[in-house]
Amino acid sequence: MSEVLRSPITNNAVLLIPRSGSNSLAAAAMQMFWPDIKISDETRHPATFFYLEEWWDGTNQNISIVVRNPIERFRSMCAHRPEKTLQEHLNRPVYGPLPIGNFIKYFRFEDELEECAKWLGLSTPIPHINASRESNKPILTEDQEALVRQIYADDIALWESLQPSV
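Here the sequence shown is numbered in the numbering used here, starting from 475 and rising by one per residue.
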């Protein structure tokens, strides 16, 4: 998915990244900005029902991104897509690395999703929807985690750079 959620109130926007709060942000935006939109298919991402579509092309303005721990994002992806085995996910992840872009703001999924919502002008707290159950997430071996770290090396470097100083 490369859909952009742009606030009609603040003109700020976030690139919607799968397994990084995108369903929660999109659902909250629909509720606040476009309450008359009805989701006709609960299996589809709420952003597919937006009136205005803006797609990421790398030149968009005022774009932020939510960054999740890449290991946890991968585990969540596996739980969300149980039709594939863990090995299939390792061989060909459904959701690839984050796009490279000139983002004006980075929000950590783990503790700044509400801040992102406020930046977009959304009422908080936002509902946490489409979360993967911890019991459905695979426990990775050291070798599997090393492979995930290799696949998402740039994402891990970015995520680590966003951690608060101790």
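Even glycine gets a Cβ: it sits at the ideal position worked out from N, Cα and C.
| Item | Value |
| --- | --- |
| Nearest-angstrom Cα distance between aspartate 510 and proline 599? | 21 Å |
| Among residues of its own chain, excluding the 5 on either side of glycine 595, which ones have a beta-carbon nearer than 7 Å to its beta-carbon? | Ser481, Ile483 and Thr484 |
| Give the DSSP-derived three-state secondary structure of isoleucine 537 in the structure shown. | strand |
| If we call anything under 9 Å between Cβ atoms a contact, is valine 488 one with serine 550? | no |
| Excluding the 5 residues flanking leucine 692 on each side, which residues of the same chain have their C-beta closer than 8 Å to its C-beta? | This structure leaves residue 692 out entirely; the chain is present only between 475 and 640. |
| Which class does tryptophan 529 belong to by DSSP, given the choice of helix, strand or coil? | strand |
| By DSSP, does arginine 568 sit in helix, in strand, or in coil? | Per the sequence shown, residue 568 should be read as valine rather than arginine. Residue state, collapsed to three classes: coil. |
| Below 9 Å between beta carbons: does that hold for glutamate 528 and valine 478? | yes |
| What three-state label does DSSP hand leucine 489 in the structure shown? | strand |
| Please report the residue range of the alpha helix (DSSP H) in which leucine 499 lies. | 496-507 |
| Whole-angstrom Cβ separation of isoleucine 513 and glutamate 619, contact assumed at under 8 Å? | About 36 Å; that fails the 8 Å criterion. |
| Would you mind working out which of Arg582, Ser494 and Ser476 sits nearest serine 635, comparing C-alpha positions? | Arg582 |
| Which same chain residues end up closer than 8 Å to serine 494 when comparing Cβ atoms and leaving out the 5 residues on each side of it in sequence? | Val540, Val541, Arg542, Arg547 and Phe583 |
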